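Numbering (our numbering), first residue to last: 22 to 374. Quick reminder that beta carbons are idealized off the backbone N, C-alpha and C, glycines included. Predicted model, so just to flag it, every value in this text is computed and none were measured.
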Amino acid sequence: MLKLSKPLLKWYEEKGRSLPWRVSPYDLKIGKKPDPYKVWVSEIMLQQTTVGAVIPYFNKFIKQWHNVAELSKANQNEIVSFWAGLGYYSRARNILKCAKEIVDKHEGEIPAEKEKLKNLPGIGEYTASAIRSIGFQKSEITIDGNIERIIVRLFKIETPIKFSKNIIQNKAKLLFPKNRTGDFCQGLMDLANIVCRPKKPVCEECPISNFCKSFKDGVTENIPVKAPKKNKPTRKGFVYFIKNNDDKILLERRPDKGLLGGLLAFPSSDWLEEEPDLIFPFDAHWFQPIYKIKHEFTHFKLELILIIGTISKFHSKKTNYEVFDLYSFQENQLPTLMRKVFRKGKKFILQNL
Ligand code: SF4
Numbered sequence: 022m023l024k025l026s027k028p029l030l031k032w033y034e035e036k037g038r039s040l041p042w043r044v045s046p047y048d049l050k051i052g053k054k055p056d057p058y059k060v061w062v063s064e065i066m067l068q069q070t071t072v073g074a075v076i077p078y079f080n081k082f083i084k085q086w087h088n089v090a091e092l093s094k095a096n097q098n099e100i101v102s103f104w105a106g107l108g109y110y111s112r113a114r115n116i117l118k119c120a121k122e123i124v125d126k127h128e129g130e131i132p133a134e135k136e137k138l139k140n141l142p143g144i145g146e147y148t149a150s151a152i153r154s155i156g157f158q159k160s161e162i163t164i165d166g167n168i169e170r171i172i173v174r175l176f177k178i179e180t181p182i183k184f185s186k187n188i189i190q191n192k193a194k195l196l197f198p199k200n201r202t203g204d205f206c207q208g209l210m211d212l213a214n215i216v217c218r219p220k221k222p223v224c225e226e227c228p229i230s231n232f233c234k235s236f237k238d239g240v241t242e243n244i245p246v247k248a249p250k251k252n253k254p255t256r257k258g259f260v261y262f263i264k265n266n267d268d269k270i271l272l273e274r275r276p277d278k279g280l281l282g283g284l285l286a287f288p289s290s291d292w293l294e295e296e297p298d299l300i301f302p303f304d305a306h307w308f309q310p311i312y313k314i315k316h317e318f319t320h321f322k323l324e325l326i327l328i329i330g331t332i333s334k335f336h337s338k339k340t341n342y343e344v345f346d347l348y349s350f351q352e353n354q355l356p357t358l359m360r361k362v363f364r365k366g367k368k369f370i371l372q373n374l
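(1) Using DSSP with H/G/I as helix, E/B as strand and the rest coil, what is ASP125?
(2) Compute the minimum distance between the beta carbon of VAL246 and the heavy atoms of ligand 1, and state whether it is under 6 Å.
(3) Please go through the segment 218–273 and give each complete alpha helix (DSSP H) segment of 4 or more residues, from N-terminal end onward.
(4) Assuming ILE168 contacts LEU209 (C-beta within less than 8 Å), just tell me the rounded distance between them.
(5) Check whether the segment 60–80 and the segment 236–244 touch, using three or more Cβ-Cβ pairs below 8 Å as the test.
(6) Please determine whether the Cβ atom of ILE178 lies at a distance below 6 Å from any heavy atom of ligand 1.
(7) Quick one: is GLU161 buried, meaning 16 or more other Cβ sit within 10 Å of its Cβ, or exposed?
(8) For ALA120 versus VAL89, is the C-beta spacing smaller than 7 Å?
(9) Hey, is PHE236 close to ligand 1, as in C-beta under 6 Å from one of its heavy atoms?
(10) Which one or two residues does DSSP pair with SER289 in a beta bridge?
(11) If you measure between the beta carbons of PHE259 and ILE326, is that distance less than 7 Å?
(12) My output table needs one value for HIS345: the three-state DSSP class, helix, strand or coil.
(13) How about the segment 199–217 and the segment 145–162: do they share at least three Cβ pairs that are nearer than 8 Å?
(14) Assign ASP211 to buried or exposed, taking buried as 16 or more other Cβ atoms, counted over all protein chains shown, within 10 Å of its Cβ.
(15) Between the segment 262–282 and the segment 224–238, can you find at least three pairs of beta-carbon atoms closer than 8 Å?
(16) Count the other C-beta atoms from every protein chain shown that fall within 10 angstroms of the C-beta of ILE51, then say buried if there are 16 or more, exposed otherwise.
(17) Ordered along the chain, which non-local residues of its own chain (more than five positions away) have a Cβ less than 7 Å from that of LYS192?
(18) Within 10 angstroms of its Cβ, does TYR348 collect 16 or more other Cβ (buried), or is it exposed?
(19) Check whether the segment 280–288 touches the segment 343–362, counting contact only when three or more Cβ pairs, one atom from each stretch, lie closer than 8 Å.
(20) Should SER26 be counted as a contact of ligand 1 given a C-beta to heavy atom distance under 6 Å?
(21) Using beta-carbon positions only, say whether SER26 and PRO198 come within less than 7 Å of one another.
(22) Quick check on the DSSP output: the beta strand (DSSP E) that includes GLU34 runs from which residue to which?
(23) Quick check: the Cα distance between PHE335 and LYS54, rounded to an integer number of angstroms?
(24) For a test of your reading of the model: does the CB of CYS396 fall under 6 Å from any non-hydrogen atom of ligand 1? Yes or no.
(25) To which residues of the same chain is TRP32 closer than 6 Å at the C-beta, ignoring the five residues directly before and after it?
(26) Going by the C-beta, is CYS398 closer than 6 Å to any heavy atom of ligand 1?
(27) I need the boundaries of the alpha helix (DSSP H) containing LEU92, first residue and last residue.
(28) When you compare only the Cα positions, how much space is there between ILE188 and LYS194?
(29) Could you tell me the alpha carbon to alpha carbon distance between TRP86 and GLU136, rounded to whole angstroms?
(30) Per DSSP, what kind of secondary structure is TRP104 in: helix, strand or coil?
(31) Can you tell me the Cα-Cα spacing of LYS118 and THR71, whole angstroms?
(32) To which residues of the same chain is TYR58 closer than 7 Å at the C-beta, ignoring the five residues directly before and after it?
(33) State the CB to CB distance for the pair LEU141 and GLU128, rounded to an integer number of angstroms; the pair is presumed to be in contact (CB under 8 Å).
(34) Just to confirm, does VAL60 get its C-beta within under 6 Å of one of the non-hydrogen atoms of ligand 1?
(35) If you follow the beta strand (DSSP E) that ILE83 is in, where does it begin and where does it stop?
(36) How about LYS322 and THR255: do their beta carbons lie closer than 7 Å?
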């Protein structure tokens with residue numbers, strides 16, 4: 022067992038970040054309890070998203086839905102629209118499903134047992150451990166991507182992280198103390214953010230550098246070893262921005278399942294590896310394509326050709342179409358890709374029509 026918990030916890034008490042879902046070590050000592058609801062919401066938002074981006078969304082979310090019971094009564098469009106801009110929208114659908122299930126099966130209380138937590142929608146091994154250790158102060162080894170980076174550096178593990186998961190898990194057992202594992206894990210998260218950063222770790226400020234093999238051997242910049250990158254495929258398609266004579270624009274609510282599920286978006290063609298044929302969704306005055314919108318998802322890159330059109334009146338009876346005023350429309354209702362479409366489309370209209 023490496024005895025680094027003491028210096029790490031001391032550093033966390035002095036230098037740890039103050040975050041809205043957190044209870045500081047000082048407040049824990051005087052009897053304040055963490056709120057598992059806040060810990061759960063924060064952990065879901067933090068999946069694939071940075072702390073800086075999450076904080077404003079988290080504060081707004083907690084203001085709107087104070088607890089599981091209130092959240093369980095929200096409707097899906099509300100939550101998915103709220104999530105616009107955070108990305109990874111299945112999290113939004115799951116957080117609602119999860120709240121409903123907590124109300125139906127656990128009398129509205131987030132369960133503290135690992136297996137019960139893991140049976141809830143959107144909660145896997147890591148999130149269950151984080152809720153237990155941070156929210157319920159149970160003894161639990163919790164390892165996220167940032168903690169993995171610290172571990173591979175401490176033990177100078179020279180294989181890429183994705184091929185070293187078992188080794189990292191075993192090494193973590195040598196680090197985590199039995200008590201205060203929530204503080205310990207949050208201390209590691211902060212260390213990873215402030216000191217043991219992905220690039221150029223600030224080892225001279227590290228409270229556990231005495232234990233770090235990479236530091237001793239002068240190889241901290243080379244670890245973690247990068248796994249060879251796979252090239253992402255590129256998909257192509259068309260996206261349609263259309264305005265009528267009353268300055269209204271047409272959007273659609275995407276189906277619940279699939280990419281950008283349940284979100285507002287501009288109508289588009291299928292996104293295929295070969296550029297699809299250009300088929301207009303309905304008759305209108307369509308302009309020559311002039312803009313290409315590029316976006317990157319986790320598994321593929323996307324290139325959409327923006328087609329702008331005007332029409333006197335919208336006639337389509339499609340039930341998932343929704344009409345908005347071009348000038349008062351708030352783009353934060355849209356996912357990032359569609360914000361790019363909105364900005365380009367509006368710019369074209371302002372400059373040309
Ligand atoms: Fe990270 Fe450097 Fe500390 Fe090692 S000494 S854990 S590389 S910050």
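In this structure, then:
(1) DSSP places ASP125 within a helical segment (H, G or I) once states are collapsed to three.
(2) no
(3) Taking only runs of at least 4 residues, the alpha helix (DSSP H) segments lying wholly in the segment 218–273 are 234–237.
(4) Distance from ILE168 to LEU209 at the Cβ level is roughly 5 Å; contact confirmed, criterion being Cβ atoms closer than 8 Å.
(5) Because the criterion of three Cβ pairs below 8 Å is not met, the segment 60–80 and the segment 236–244 do not touch.
(6) No, the Cβ of ILE178 stays beyond 6 Å of every heavy atom of ligand 1.
(7) GLU161 comes out buried.
(8) Cβ atoms of ALA120 and VAL89: closer than 7 Å.
(9) yes
(10) VAL260
(11) yes
(12) Note on residue identity: the sequence assigns Phe, not His, to residue 345. Looking at PHE345 - three-state DSSP - the assignment turns out to be strand.
(13) yes
(14) The residue is buried, with at least 16 neighbouring Cβ atoms inside 10 Å.
(15) Contact between the segment 224–238 and the segment 262–282 is absent, because fewer than three Cβ pairs lie under 8 Å.
(16) Classification of ILE51: exposed, given that the 10 Å Cβ count is below 16.
(17) ILE172, PHE176
(18) exposed
(19) yes
(20) Proximity of the beta carbon of SER26 to ligand 1 is not indicated: no heavy atom of the ligand is located closer than 6 Å.
(21) yes
(22) Counting along the chain, GLU34 falls outside any beta strand (DSSP E), though it belongs to the alpha helix (DSSP H) covering 26–36.
(23) Looking at the backbone, the Cα of PHE335 and that of LYS54 are separated by about 55 Å.
(24) A query on residue 396 cannot be resolved here, the shown segment of the chain reaching from 22 to 374 and no further.
(25) PRO228
(26) The structure shown has nothing for residue 398, since the chain only spans 22 to 374.
(27) For LEU92, the enclosing alpha helix (DSSP H) has its first and last residue at 89–93.
(28) 10 Å
(29) 26 Å
(30) helix
(31) 24 Å
(32) ASN88, VAL89, ILE131
(33) No, LEU141 and GLU128 are not in contact; Cβ-Cβ is about 14 Å, not under 8 Å.
(34) no
(35) Run containing ILE83: none in the beta strand (DSSP E); it sits in the alpha helix (DSSP H), 72–85.
(36) yes
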